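**Q** Questions regarding the structure given below will be posed in turn.
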Amino acid sequence: GQSLEQPSEVTAVEGAIVQINCTYQTSGFYGLSWYQQHDGGAPTFLSYNALDGLEETGRFSSFLSRSDSYGYLLLQELQMKDSASYFCAVRANTPLVFGKGTRLSVIA
Amino acid sequence: ETGVTQTPRHLVMGMTNKKSLKCEQHLGHNAMYWYKQSAKKPLELMFVYSLEERVENNSVPSRFSPECPNSSHLFLHLHTLQPEDSALYLCASSQGGGVGTEAFFGQGTRLTVV
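Keeping their order, the protein sequence lines are chains V and H. Numbers in our numbering are just positions in the first sequence, counted from 1, shifted up by 3. Numbers in our numbering are just positions in the second sequence, counted from 1, shifted up by 432.
Take a look at the structure:
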């Protein structure tokens, strides 16, 4: 089966940089996705990595190392609105399997 | 608005009731999913439909019964639920059941079983 591990909570200061890590165990790995979910809202897609390396989209970047079964989401120039839950998700031989999510709190 | 609409947004039902959750997508996707989100737990995949055929059923109790009449609509029929079934039920769609890289989620139905 599939399993993913990510920290349950992270707190960071406005304007800072924060990294949310995700390790996974799976078979038939295709790629790692990241989703953001604000309280009361739907998860929304942030990024997808199929190959090793860093993908940058504005203030957000996502990294993947297939050999280490590891990835991270990097958020720069943190803003208060970035306070949300962030989920990594593995696409393997099954539909998306999600981690438990990391609750990010951005403080002034 | 993500293009995936779920109704109702909130539902309170007794354990002997029968109700249905509805999901509609206007994105032209060919795969639709039901997920359950409980507090402190990961998103749990319940059912997957690809091209209107059920391709995944993750050992979900029979008191949950999905229906996919066409590629745009997905239902989750509920009957004789238990209090532990109280959760946020999320519908999602993607292009390609097994190869889609991006899933679009609805706002969810917050279900409370009393």
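Every residue, glycine too, gets a C-beta built ideally from N, C-alpha and C. Here the structure is a predicted model, which means the values were calculated and not measured.
#1: Do you know whose CA, among 511/H, 461/H and 476/H, lies nearest residue 450/H's CA?
#2: So residue 465/H contacts chain V; which residues on that side make the cut at Cβ distance below 7 Å?
#3: Using a Cβ-Cβ distance under 7 Å, would residue 103/V count as near chain H?
#4: Let me know the secondary structure DSSP gives residue 468/H once reduced to three states.
#5: In chain V, what lies closer than 7 Å to residue 468/H by C-beta?
#6: When you compare only the Cα positions, how much space is there between residue 33/V and residue 24/V?
#7: Starting from residue 511/H, trace the beta strand (DSSP E) in both directions and tell me its first and last residue.
#8: So who's on the other strand from residue 488/H, going by DSSP bridges?
#9: Which residues of chain V have a Cβ atom closer than 7 Å to the Cβ of residue 473/H, listed in chain order?
#10: Give me, in chain order, the residues of the same chain whose beta-carbon lies closer than 8 Å to that of residue 531/H; leave out the 5 immediate sequence neighbours on both sides.
#11: Answer yes or no: do residue 105/V and residue 10/V have a C-beta to C-beta separation smaller than 7 Å?
**A** Put simply:
#1: 511/H
#2: In chain order: 98.
#3: yes
#4: strand
#5: The premise fails here: residue 468/H is roughly 11 Å from chain V at the closest Cβ pair, so nothing lies under 7 Å.
#6: 18 Å
#7: Counting along the chain, residue 511/H sits inside the beta strand (DSSP E) bounded by residues 505-511.
#8: 480/H
#9: 103
#10: Confidence at residue 531/H is low in this model, with a pLDDT of 47, below 50, so the placement of that residue should be treated as unreliable; the coordinate-derived value is given next. Excluding positions up to five away in sequence, the list is empty.
#11: Yes, they are a contact pair.
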